[in-house]
Amino acid sequence: MPTTQNLLTEALSSLTGPETRQEAEWLMEAICGITRTRQFSHPHDELSTSHALRFREALQRRLSGEPLAYIIGYRDFWDMRLAITPDVLIPQPDTEVLVEQALKRIPATAEWVIADLGAGSGAVALVLARERPSCHVLATDVSASALKVAAGNRADYKAMNVQLVQTSWLQSVAPGSLDMIVSNPPYIAENDDCLVSGDVSREPRLALSAGPEGLDELNCIIRDSVSSLKTGGWLLVEHGFQQARDVAGLFSQSGYLDIFTIKDFAGNERVTGGRL
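This is the structure in structure tokens:
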């Protein structure tokens with residue numbers, strides 16, 4: 000019978016990248032039910048033939064380029080473990096910057112109406128709803144499959160102040176009804192090489208790419224947000240690291256004030272916002 004250490008060594012000899020050990024351990028935990036702590040403390044535990052087979056099958060999927068989150072079925076974001084499928088983007092740490100900036104502007108006891116446009120798995124909407132339980136969060140997405148994933152995550156975290164709506168951006172939102180809009184929309188240029196390599200190549204293209212410069216959906220959201228927000232309402236968006244100047248310009252053209260841009264954890268300009 001192979002041991003935990005045997006299978007981890009097998010994985011480490013095959014995987015490449017900066018998180019090789021972590022990926023091997025996450026696969027072991029998700030597929031075989033052996034916690035990372037147990038892997039470290041009992042490396043000579045023997046695994047059943049079926050567990051070894053399932054682990055090797057999962058390893059081959061990863062080696063073929065399938066994202067780890069799709070294989071193990073979850074992704075950690077903020078303080079949550081969210082269910083993830085190939086129908087949604089994989090939440091990234093940089094998007095936590097968007098969440099942090101939104102929370103800084105929402106009073107702790109506010110009863111705001113907030114829209115998260117392109118909600119996907121529900122990551123952003125769920126954090127805002129849980130951190131500001133007096134707020135009502137409208138999570139919109141054009142994809143019914145994505146909203147099904149979000150609904151499962153909403154149920155897991157009992158975030159009943161999140162309302163899921165299948166619509167394109169702000170089409171179903173009443174004029175002047177929102178206190179804040181947040182969005183991590185598609186912002187990759189349609190011919191960008193990153194769309195055909197790495198994990199991104201396996202994620203839903205509709206949620207990634209937006210026109211020749213990646214600005215089409217950002218332009219739409221910024222333009223249409225003006226009629227949906229209350230006076231003094233906030234719009235915050237995530238964008239590409241080379242798009243900050245263009246996005247800030249779109250905010251200015253639409254009449255936004257107090258425009259700001261914040262860098263992500265790698266020092267790249269990632270989130271821009273403004274107030275009407």
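Be aware that the sequence shown starts at 0, since it is given in numbering that gives the first Met the number 0, and climbs by one per residue. For glycine and all other residues, C-beta sits at the position ideal for the given N, C-alpha and C. Values in this document were obtained by computation on a predicted structure and should not be read as measured data.
Distances from the CA of A154 to each of M79, R274 and T15 were compared; the closest alpha carbon is that of M79. Taking a contact as a CB-CB distance under 8 Å, the pair V270 and V136 does not count as one, their CB atoms being some 18 Å apart. Scanning its chain for C-beta atoms nearer than 8 Å, with the 5 sequence neighbours on each side dropped, one finds around T108 the residues S133, in chain order. Assignment of beta-bridge partners to M79 by DSSP yields F76. In the three-state reduction of the DSSP assignment, Q162 falls in the strand class, which pools E and B. Here the alpha carbon of I30 sits roughly 47 Å from the alpha carbon of G248. The beta carbon of D215 is closer than 7 Å to those of A209 in its chain, skipping five residues each way along the sequence. Taking the CA atoms as reference points, L52 sits about 35 Å from D192. The C-beta distance from M0 to L67 rounds to 26 Å, too long to fall under 8 Å, and the pair is not in contact. Residues of the same chain with a CB within less than 7 Å of the CB of K262, apart from the 5 flanking positions on each side, are E268 and R269 in chain order. Assigned with DSSP and collapsed to three states, T94 falls in helix. Going by beta carbons, A114 and V172 fall inside the 8 Å limit. In terms of CA proximity to R274, L256 leads the group G266, L256 and F264.
Assignment of beta-bridge partners to M179 by DSSP yields I113 and W233. Contact between S120 and I83 holds: their C-beta atoms lie close to 6 Å from each other, under 8 Å. Per DSSP, reduced to three states, the secondary structure at D257 is strand.
Contact check between the region 189-206 and the region 223-231: fewer than three CB pairs, one atom from each, fall below 8 Å, which does not count as touching. If you check the CB distance, D140 and G117 come in under 8 Å. Secondary structure at G151: helix, using DSSP grouped into helix, strand and coil. For H50, the secondary structure class from DSSP, reduced to helix, strand or coil, is helix. E189 places its beta carbon less than 8 Å from that of P211. In the three-state reduction of the DSSP assignment, K157 falls in the coil class. CA-CA distance, E65 to R201, rounds to 7 Å.
Ranked by how close their Cα comes to the Cα of P184, the residues V246, L177 and N152 have V246 in first place. Measuring C-alpha to C-alpha distances from Q170 to each of R222, L205, A158 and R35 identifies R222 as the nearest. Taken through DSSP and simplified to helix, strand or coil, L169 comes out as coil. The beta carbons of V199 and L235 sit no closer together than 8 Å. Under the DSSP assignment, V126 falls in the alpha helix (DSSP H) whose first and last residues are A122 to E130.
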